[in-house]
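See below for the structure under consideration.
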Amino acid sequence: MSANLSKELREKYKKRSLPLRKGDMVKIMRGKFRKKTGKIIAVNIKRMKIEIEGMQIKKQDGSKANVKFNPSFLQITELNLEDRKRNESLVGQKNKSNKTEGENKNAP
């Protein structure tokens, strides 16, 4: 379950999209909540839905419920790098892309 990265993150990590994780900051690109940002509070892998902090609707009985978003409607604006494996893979990819760019420049 991946979402597109913002332009700044795309340039920084040399990737277009990454899997969503709890704690990532995202911007909603489609629907009623468009242009709003929030932190991911839950990821439902089975149903392919994401819940975002502060995005709620009022139900018929007056209670509130979190809105569940399709990951394709979201754009990642800030990554949660607390996960060691995720952090290492991003840093590793970043270093790997820098090495390949340097090798291509020196080629005849």
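To convert, take the position in the sequence shown, counting from 1, and add 1429; that gives my numbering.
Glycine included, each C-beta is placed from N, C-alpha and C at the ideal position.
Backbone CA spacing between residue i and residue j [nearest angstrom]
{"i": "E1437", "j": "F1462", "result": "22 Å"}
{"i": "A1494", "j": "Q1485", "result": "5 Å"}
{"i": "Q1504", "j": "K1487", "result": "25 Å"}
{"i": "R1513", "j": "G1452", "result": "14 Å"}
{"i": "Y1442", "j": "G1521", "result": "10 Å"}
{"i": "G1491", "j": "T1466", "result": "24 Å"}
{"i": "E1511", "j": "I1457", "result": "23 Å"}
Cut-off 6 Å between Cβ atoms - residues of its own chain near residue i, not counting five sequence neighbours on either side
{"i": "K1468", "result": "M1454, E1482"}
{"i": "R1459", "result": "F1502"}
{"i": "L1519", "result": "Y1442"}
N- and C-terminal bounds of the beta strand (DSSP E) containing residue i
{"i": "E1402", "result": "Here the chain comprises residues numbered 1430 to 1537, so residue 1402 is not present and cannot be evaluated."}
{"i": "I1538", "result": "Because the chain spans 1430 through 1537 in this model, residue 1538 falls outside it and cannot be assessed."}
{"i": "F1502", "result": "F1502 -> no beta strand (DSSP E), and no H or E assigned at all."}
{"i": "L1447", "result": "1446–1448"}
{"i": "G1452", "result": "Element bounds for G1452: n/a, residue is neither H nor E."}
{"i": "N1539", "result": "Any question about residue 1539 goes unanswered here, given that the chain covers just 1430 to 1537."}
From the options, residue whose alpha carbon lies closest to that of residue i
{"i": "K1475", "options": "K1444, N1433, L1510, K1497", "result": "K1497"}
{"i": "S1435", "options": "N1473, D1512, T1506", "result": "T1506"}
{"i": "N1433", "options": "D1490, G1521, R1445", "result": "R1445"}
Test item: CB-CB of residue i and residue j under 8 Å
{"i": "I1479", "j": "P1500", "result": "yes"}
{"i": "N1509", "j": "R1450", "result": "yes"}
{"i": "P1448", "j": "M1430", "result": "yes"}
Contacting residues, own chain, Cβ-Cβ under 8 Å from residue i (five flanking each side not counted)
{"i": "N1473", "result": "I1479, E1480, K1497"}
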